[in-house]
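See structure below.
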Amino acid sequence: MERTQLLELANKYGSPLYVYDTDKIETQYKRLTGAFNSVDNLKLNYAVKALSNVNILKFLTNLGAGLDTVSIQEVQLSLTTGIDPKNIIYTPNGVSLQEIEEVAKLGVQINIDNLSILESFGQKHPEIPVCVRINPHIMAGGNSKISVGHIDSKFGISIHQVPHIQRVVENTGMNINGIHMHTGSDILDIDTFLRASEILFDVAKQFKNIDFIDFGSGFKVPYKEGDISTDIEQLGLQLSERFNDFCTEYGKEITLMFEPGKFLVSEAGSFLAKVNVVKQTTSTVFAHVDSGFNHLVRPMMYDSYHHITNISNPSGKDRYYSVVGYICETDTFASNRRISEISEEDVLCFHNAGAYCFSMASNYNSRYIPAEVMIVDGKDYLIRKRQTMQDILQNQVVVDFAPKSKTKKEKVTA
Ligand SMILES: Cc1ncc(COP(=O)(O)O)c(C=O)c1O
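One point on numbering: in UniProt numbering, the residue at position 191 of the sequence shown is 191, and numbering is uninterrupted.
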């Protein structure tokens, strides 16, 4: 997005502000579909949790995407876009049987990631086909918190327990129609995908009625200039060929699925925050912005890197800053970062703010959750208003409790 346009938006809507560029989302969507264009049946289910504003969901479903959800609330949110429930997959982790049953009633594809719920669900609803999430025991992902396919992870059913899945199928008469994995986020090496895919092909072969294999996601995007990212085109070439061979062996044209979050929306997002204070200490220059980890938690939570530019003064002399927030707790966005000279009231832009940024925002310190703006064909649309005190108070119940009556002793000493 153009620096001047971002600056205008910060002036128009105030700060802090999230801005999403739908051109970038579309480019990424087309890049991924293009990479797999030799596969007849390809389905990309956008991971709603990355950025769940309904306008973004609608934009992606209009492009042809399905939606990947992890909670009944995400399913309900997705349905408000008018999407056919068949184009939603629900991949929860550790939720109750009751929630899964409620989602199944909505006509959404269910994906189950543990044996006990699989068995209970199969006993009660053998007529509803389900997908199973397999844990391929592969260490993949940018850091330990986002590596979810290894042997100690809480996600998925171990590949060593496939015979148990088969026993459940035999005992209940249920049908497994899909095989799924998701091994982590920020996976750079395409060999990791290809290795895990072989494991899934092997599992899929053991089931007779598979309609799709869902390879999850985890594609790494660049976070700064010169940064490396997953080679999607190469992955597309290699995995498509292998997938097409699998379909021939299996004797059926099944669907290849992915559920990308970051790849589609990370680079499309910019987070704009204004500098309240520039504080020089004996060792550091702090730039305090009008935000904190309440609005963008990734640096504090995962040590994630967000490139930061001073859009008010792009051609100033570079200086070293620690960019911090206004939360009464350590909330460091960047330490000793070279940024064009910052003055109070300058607007800083945090890049790659589309995925897992707004969707993880909170009201910590009773601060308002920021507004969101979406750019479509160069035009800006407010897609979420900034909160007000009414939002903070909305579900709080003010009770009229009587003050504790004083004991005799307290009355005497008072
Ligand atoms: C099951 C599942 N699918 C898809 C995704 C999206 O991953 P990414 O944002 O790396 O594309 C996630 C993210 O954690 C996930 O847990």
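No residue lacks a Cβ here, since even glycine has one placed at the ideal position from N, Cα and C.
Paired residues, beta bridge with residue i - DSSP
i      : result
ASN135 : SER158
ASP68  : ALA47 and ILE89
ILE339 : ARG319
MET257 : LYS43 and ASP214
ALA334 : VAL323
ASP21  : ILE375
ILE83  : Answer is none; ILE83 lacks a bridge partner.
THR309 : CYS349
GLY269 : TYR20
VAL130 : ILE110 and ILE176
Inter-residue Cα distance where the pair is residue i and residue j
i           : j      : result
HIS164      : VAL324 : 50 Å
SER132      : LYS262 : Before going further, note that residue 132 is Val rather than Ser in the sequence given. For VAL132 and LYS262, the distance between alpha carbons rounds to 23 Å.
ARG167      : GLN161 : 10 Å
LEU393      : VAL399 : 13 Å
TYR368      : SER52  : 18 Å
residue 423 : ASP318 : Nothing can be reported for residue 423, as the shown portion of the chain is limited to 1 through 414.
ASN45       : ASN365 : 35 Å
LEU63       : ILE375 : 16 Å
ILE83       : HIS295 : 29 Å
ILE100      : PRO129 : 13 Å
ILE311      : GLU345 : 11 Å
LEU264      : PHE401 : 50 Å
GLU329      : PHE286 : 15 Å
PRO222      : THR230 : 9 Å
SER240      : VAL203 : 18 Å
HIS307      : GLU102 : 42 Å
THR255      : ASN177 : 11 Å
ASN363      : LEU97  : 31 Å
ASP152      : ILE179 : 20 Å
ASN41       : ASP214 : 12 Å
GLY156      : SER217 : 14 Å
LYS43       : ARG31  : 13 Å
MET360      : LEU17  : 14 Å
THR332      : VAL275 : 14 Å
ASN135      : PRO403 : 55 Å
Residue i CB to nearest heavy atom of ligand 1 below 6 Å
i      : result
PRO260 : yes
SER185 : yes
GLY236 : no
ALA50  : yes
ALA47  : yes
HIS306 : no
THR230 : no
HIS182 : yes
THR91  : yes
Proximity test, Cβ basis, 7 Å: residue i and chain C
i      : result
MET257 : You won't find chain C in this structure, because it holds only one protein chain.
Any non-hydrogen atom of ligand 3 within 6 Å of residue i CB
i      : result
GLY216 : Ligands present in the displayed structure are limited to ligand 1, and ligand 3 is not among them.
Buried or exposed (CB count within 10 angstroms, at least 16 for buried), residue i
i      : result
PHE258 : buried
GLU225 : exposed
ILE89  : buried
LYS220 : buried
LYS105 : exposed
ASN11  : exposed
THR22  : buried
ILE342 : buried
ASN117 : Before going further, note that residue 117 is Ile rather than Asn in the sequence given. Answer is buried; the Cβ neighbour count reaches 16.
THR4   : exposed
LEU192 : It is Thr, not Leu, that sits at residue 192 in the sequence shown. Buried, because 16 or more other Cβ atoms sit within 10 Å of the Cβ of THR192.
GLU119 : buried
PRO299 : buried
VAL277 : exposed
PRO314 : exposed
LEU6   : buried
VAL289 : buried
SER15  : buried
GLN396 : exposed
TYR320 : exposed
GLY236 : buried
GLU127 : exposed
SER340 : buried
* To do: With a floor of 3 residues, list each beta strand (DSSP E) that falls wholly inside the stretch 89-126, ordered by position along the chain.
  => Counting only runs of 3 or more, we get 109-112.
* Counting only runs of 4+ residues fully inside the stretch 358-409, write out the alpha helix (DSSP H) ranges in chain order. => You should have 389-393.
* Pick out the complete beta strand (DSSP E) segments inside the stretch 271-298, 3 residues or longer, and give them in chain order. => Restricting attention to beta strand (DSSP E) runs no shorter than 3 residues, the stretch 271-298 encloses them at 285-289, ordered along the chain.
* Scan the stretch 162-236 and note each continuous alpha helix (DSSP H) run of 4 residues or more that stays entirely inside, going in chain order. => Along the stretch 162-236, the alpha helix (DSSP H) occurs as fully enclosed runs of 4 or more residues at 162-172 and 190-204, listed in sequence order.
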